[in-house]
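Working notes, beginning with the structure itself.
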Amino acid sequence: IRVIGSTTTTLEPDFAVSVGLTGIKEFKSVFIVESTQSLSVEASGSITPIDIKRPIKTIYFEPVIIGYVVLVPKFTLYVGIKGETEANLTATITMSADYTAGVHYKKSEGWKPVSDFSLNFGYDPPNISTNAYVKGYINPEISILIYGVVGPFVNIEGYLKAVSSPTWWKLYGGIGASA
């Protein structure tokens with residue numbers, strides 16, 4: 016969770032004096048203060064990604080002997096699932112205030128206070144975004160084990176993958192291979 020805030024304040028003085036032959040005609044001393052504050056909250060989270068791959072069947076074939084080298088063909092069928100999800104939330108509130116204070120003198124009207132205040136609030140409604148995917152697959156693997164221990168392999172992966180966002184789902188299918 017992140018909280019982000021800002022504040023700005025400006026001070027604008029307004030002074031005026033008007034003098035005539037008979038003395039001060041007008042005098043004004045006013046301060047205008049403008050202040051704006053905002054506060055945003057951002058929260059995000061995710062579920063620990065899943066990645067599960069399990070063998071459902073393994074078959075060892077008869078060893079093949081080539082000279083002094085023993086090769087053992089092996090077939091393993093795996094199934095698996097991968098998935099991940101995350102969500103984000105943001106919300107913002109703002110406040111602005113304008114203050115005006117001072118005095119104003121006119122020879123014909125005398126002294127008068129100057130005062131004004133306005134206050135405004137605003138907000139951005141909470142915005143939630145989510146993303147997720149899940150992928151299920153079947154993965155046959157053929158390997159040639161040298162002396163029954165380790166050796167080259169090739170596998171093919173057929174999969175279906177569903178991807179979501181807040182407004183849609185997409186379904187993908189495919190085949191991949193690795194060696």
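First residue of the sequence shown? That's 16 in our numbering, and the numbers climb one at a time after it.
Positions of the beta carbon are idealized from the N, C-alpha and C atoms, including for glycine.
Note that the structure is a prediction, hence the values are computed from the model and not measured.
Cβ contact check for the region 105 to 122 and the region 40 to 53: 3 or more pairs under 8 Å: Taking 8 Å as the limit for Cβ pairs, the verdict is that the region 40 to 53 does touch the region 105 to 122.
What does residue 20 pair with, by DSSP beta-bridge criteria? Paired residue(s): 54.
If you compare alpha carbons, which of 184, 139, 140, 116 is closest to residue 130?
Of the candidates 184, 139, 140, 116, the one whose C-alpha sits nearest the C-alpha of residue 130 is 116.
*Own chain, CB closer than 6 Å to residue 179, minus 5 neighbours either side, in chain order*: Same-chain partners within the cutoff: 147.
task = Starting from residue 179, follow its DSSP beta bridges and name the residues at the other end.
result = According to the DSSP secondary-structure assignment, residue 179 is paired through a beta bridge with 147, 184.
query: According to DSSP, which residues form a beta bridge with residue 116?
result: Looking at the DSSP assignment, residue 116 forms a beta bridge with 46, 130.
So residue 165 is in the beta strand (DSSP E); what residue range does that whole segment cover?
-> No beta strand (DSSP E) holds residue 165; DSSP gives it neither H nor E.
- Query: Taking the C-alpha atoms as reference points, what is the distance between residue 141 and residue 132?
  - Reply: For residue 141 and residue 132, the distance between alpha carbons rounds to 29 Å.
Distance, residue 58 Cα to residue 191 Cα:
Looking at the two C-alpha atoms, the distance is approximately 36 Å.
- Skipping 5 residues on each side, what residues in its chain have a beta carbon closer than 6 Å to that of residue 154? The residues are 93, 170, 172.
Margin query: Within a Cβ cutoff of 6 Å, which residues of the same chain sit near residue 139, ignoring the five residues on either side of it in sequence?
Written below: So the qualifying residues of the chain are 107.
- Task: Output the distance between the C-alpha atoms of residue 73 and residue 166, rounded to the nearest integer angstrom.
- Result: Between residue 73 and residue 166, the C-alpha separation is close to 16 Å.
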